Each structure stands twice: as C-alpha cells, then as structure tokens.
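Trainee: Quick note: to get the working numbering, add 27 to the position in the sequence shown (first position is 1). Don't be surprised by glycine CBs; every beta carbon is placed ideally from N, CA and C. A quick note: this is a predicted structure, and the numbers were derived from the prediction, not measured.
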Amino acid sequence: MLADLTLVQLAVIALTAFGAQILGGLAGYGTGLLMPLVLVPILGAPAVVPVIGLSAIITNATRVAAFREALDLRKVVIVSIAALPFTALSAWGYTLLTGKGATILIGIMLIVLVPARRFFEHLKLTLSERGLAYSSVGYGLIMGGTSGSGVMLLSMLMATGLTGTQVIATDAAISFLLGFIKTGVFAGFGALDLKLVLVALLIGIMATPGTLTAKWMARHFSVRVHTLILEAGIIVGGSVLIWRALES
28 MLADLTLVQL AVIALTAFGA QILGGLAGYG TGLLMPLVLV PILGAPAVVP
78 VIGLSAIITN ATRVAAFREA LDLRKVVIVS IAALPFTALS AWGYTLLTGK
128 GATILIGIML IVLVPARRFF EHLKLTLSER GLAYSSVGYG LIMGGTSGSG
178 VMLLSMLMAT GLTGTQVIAT DAAISFLLGF IKTGVFAGFG ALDLKLVLVA
228 LLIGIMATPG TLTAKWMARH FSVRVHTLIL EAGIIVGGSV LIWRALES
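(1) So LEU111 and GLY167 are supposed to be a Cβ contact under 8 Å. How far apart are they, rounded?
(2) By the 10 Å Cβ neighbour count, where 16 or more other Cβ atoms means buried, how is LEU252 classified, buried or exposed?
(3) When the distance is taken between beta carbons, is ALA227 closer than 7 Å to VAL78?
(4) DSSP on GLY217, reduced to helix/strand/coil?
(5) Excluding five sequence neighbours on each side, which residues of the same chain lie with their C-beta closer than 6 Å to the C-beta of SER163?
(6) Among ALA196, ALA245, MET170, which one has its Cα closest to the Cα of ILE208?
(7) With C-beta atoms as the reference, is GLY80 less than 7 Å away from SER117?
(8) What does a CB cutoff of less than 7 Å around THR197 pick up in its chain, not counting 5 residues either side in sequence?
(9) With respect to the alpha helix (DSSP H) encompassing PHE94, which residues constitute its N-terminal and C-terminal limits?
(10) What number of angstroms, rounded off, separates the C-alpha of HIS247 from the C-alpha of VAL91?
(11) Please report the Cβ distance between VAL35 and VAL65, rounded to the nearest whole angstrom; I am assuming they are in contact, meaning their Cβ atoms lie under 8 Å.
(12) What number of angstroms, rounded off, separates the C-alpha of ALA47 from the C-alpha of SER176?
(13) Where VAL224 and GLN193 are concerned, what is the direct C-alpha to C-alpha distance, given to the nearest angstrom?
(14) Taking the beta carbon of ALA72 as the centre, do at least 16 other beta carbons fall within 10 Å, making it buried, or is it exposed?
(15) How big is the Cα-Cα spacing for THR153 and ILE195?
(16) Does the beta-carbon distance from VAL178 to ALA115 come in below 7 Å?
(17) By the 10 Å Cβ neighbour count, where 16 or more other Cβ atoms means buried, how is ALA259 classified, buried or exposed?
(18) Just list the alpha helix (DSSP H) runs in the segment 151–196, keeping only unbroken ones of 4 residues or longer that don't cross its boundaries, in chain order.
(19) Take the Cβ of MET244 as the centre, count every other Cβ of all protein chains shown within 10 Å, and call the residue buried at 16 or more, exposed below.
(20) Quick one: measure Cβ to Cβ for SER202 and ALA83, integer angstroms, because I've assumed they're closer than 8 Å.
(21) Can you tell me whether GLY71 is helix, strand or coil according to DSSP?
(22) Between which two residues does the alpha helix (DSSP H) harbouring THR122 extend?
(23) Could you tell me the alpha carbon to alpha carbon distance between VAL263 and LEU53, rounded to whole angstroms?
(24) Measure the Cβ-Cβ separation of THR43 and GLY231 and say whether it is below 7 Å.
(25) Thinking just about the alpha-carbon of each residue, which of LEU32, ASP31, GLY191, MET233 is nearest to the one in LEU255?
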C-alpha cells in the first residue's frame, strides 16, 4: 500500500493539499494545478489525474458545504448534464493516451480568456444559458482527461455573471458531480489501485481545514478583490499548465 512512500513524502503531499485548498477556496482552483507538481515525482505522471479526480470528490464536497449559500443550482444542472458524457469519454481517452500539445493549447486559451472576459464585459456581452451548455461540452472533454481544468470552468461561470463565492460554490458542485463519472471510468479501466486511493483520501482529508481557512479569508475581501483573485488564478493556472507540458 503506502509502504513505498516515506513519511516525508506523505507530509509534503498533505501540506501541499492544505495550501491548494486555501487557494481553491479563494481563487476557485488549486488542487488540479498545484498537486501535480508534487505527485508527478512521487507517484509518476500516469497516476496524477486519477488521484486528483478521486480526491476532488471529497475536496469539492467540503467547498460546497462551506459556501452553499452562494450556490447557483440551475447553472450546476446545465453544466453537469451537458458535460457528463464528454467527461466520461475523455477520461477513457486518458487511460489510453495523453497529449502534450493539447495541454499547451489549453493553457494558452486560459490566459487569453481573462482579457477576453474583460473585453466582453466592456461590451456588456455575457454567456447565455444556451452558450453555457455549449461551452460545457468542451469543458467536459478537457475535464475528463486533464487536471487543472477548473480554471476553464471559472471563466465560463464568470461570463454568465457569477462573482466571488457564487463562482466558488457553483464550480465546486459541478466538479463534485463530474468527479464521480471521471473516477468511475478510471476505476473501471484499472487506473486506480489501493495505494492511489489512499493517497487521494489523504488529499481529501486536508479539504476541511484548508476550506475553512479559505472561508475565513474570503470574508475579508470585497467582490471586486475576489474577482481579481479569480482572474489572477486563471492566468497563473494557464501558465502552470503550459510550463508543466513543456517540462514533460
């Protein structure tokens, strides 16, 4: 099981997960982008997406509970229904092959989305519910086979007019539901063994203290500041995706 992992490695995983949850509670992303930097050298690249996918079920459930008063249930339903089959399809594809070029492309698009969102905001353009559903198809294709795709979902939700904790709660609920599909596919195709499940649980355990810390910090930010943090998170997230792809 975990006998081949040292106490130092387990401590590094736990501390990184705690920090990722704080960032996730403030910027809407974290685990999917920060954890791979630690998990790849410890577990190997093929294990990263399955482990994060399983741990996300726990971490996002905690985040939904913490920010439940800001949840937009209608948008959760729209995105989840549209993205579900494509999430399963891309998760299955990940068990066969992953693409370096696709990761770079995703990172570039995420970085571009921030100025694009501000441009559309200036033009008073928003993403309609139908547009959100169409966008969710692409999100599902990316979400199932990658980690860190939450930064794309953030941009979509912000384009519909959600701000601050509304984005955090709605993003977490969608990721929680799609996480079951993603994990089911990985388990069915043998990409999750007992050791990886236990590592995912360790990451998940850090969700409660990390999310509660983030909730306390979030109360000290205005909606404007919170939105700026979200946008900064998207840019940093896209940059990390590109960097990880170039380093692989």
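Mentor: Taking the definition as stated:
(1) 7 Å
(2) Residue identity differs from the one stated: residue 252 is Val in this sequence, not Leu. VAL252 is exposed by the Cβ-count criterion.
(3) yes
(4) coil
(5) VAL106, ALA109, ALA110
(6) MET170
(7) no
(8) LEU98, ASP99, LYS102, VAL103, LEU184, LEU189
(9) Looking at the DSSP string, PHE94 is not in any alpha helix (DSSP H), and its letter there is neither H nor E.
(10) 19 Å
(11) Wrong, their Cβ atoms sit about 12 Å apart, outside the cutoff.
(12) 15 Å
(13) 30 Å
(14) exposed
(15) 19 Å
(16) no
(17) exposed
(18) 156–172, 177–186
(19) exposed
(20) 6 Å
(21) coil
(22) THR122 -> no alpha helix (DSSP H), and no H or E assigned at all.
(23) 14 Å
(24) no
(25) GLY191
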